[in-house]
Amino acid sequence: MPFTTRRRHHAPATTTTTTTARPYRRSIFARREPRVVHHQKRKPTLKDKVSGALTRLKGSLTRRPGVKAAGTRRMRGTDGRGSHRRRRFL
Numbered sequence: 001m002p003f004t005t006r007r008r009h010h011a012p013a014t015t016t017t018t019t020t021a022r023p024y025r026r027s028i029f030a031r032r033e034p035r036v037v038h039h040q041k042r043k044p045t046l047k048d049k050v051s052g053a054l055t056r057l058k059g060s061l062t063r064r065p066g067v068k069a070a071g072t073r074r075m076r077g078t079d080g081r082g083s084h085r086r087r088r089f090l
């Protein structure tokens, strides 16, 4: 392969899990390990990014902070989509 051409490859799709260590609320002298809390996050698509950006713009222009925050959550994949399971047969 000549040095003027480059190989193009895609990086493998990896996901990371976001966790937060929260200590127990106990007395000063009690020693316990902190709990690890798992935060659900999905990988946003390009459609989610564009839709969230437009929603954020709409929330900014109409001065509605809740709409703006919803757009931010959609862009970051923390809006909770895909977390609600439905029954299949009933």
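For the sequence shown, counting from 1, position 8 maps to 8 in the UniProt record's numbering; every step adds exactly one. Beta carbons: idealized from backbone N, C-alpha and C, even for Gly.
Counting other Cβ atoms within 10 Å of its Cβ, lysine 47 stays below 16 and is therefore classed as exposed.
In terms of Cβ geometry, valine 67 and glycine 59 form a close pair [threshold 7 Å]. Between glycine 80 and glycine 52, the gap from beta carbon to beta carbon reaches 7 Å or more.
Only residues of its own chain outside the window of five on either side were considered, and among them Pro44, Asp48, Lys49, Gly52 and Ala53 have a CB closer than 7 Å to the CB of methionine 75, listed in chain order. For threonine 14, the closest of Val37, Arg63 and Arg42 by C-alpha to C-alpha distance is Arg42.
Here threonine 55 is buried: its Cβ has 16 or more other Cβ atoms, across all protein chains shown, within 10 Å.
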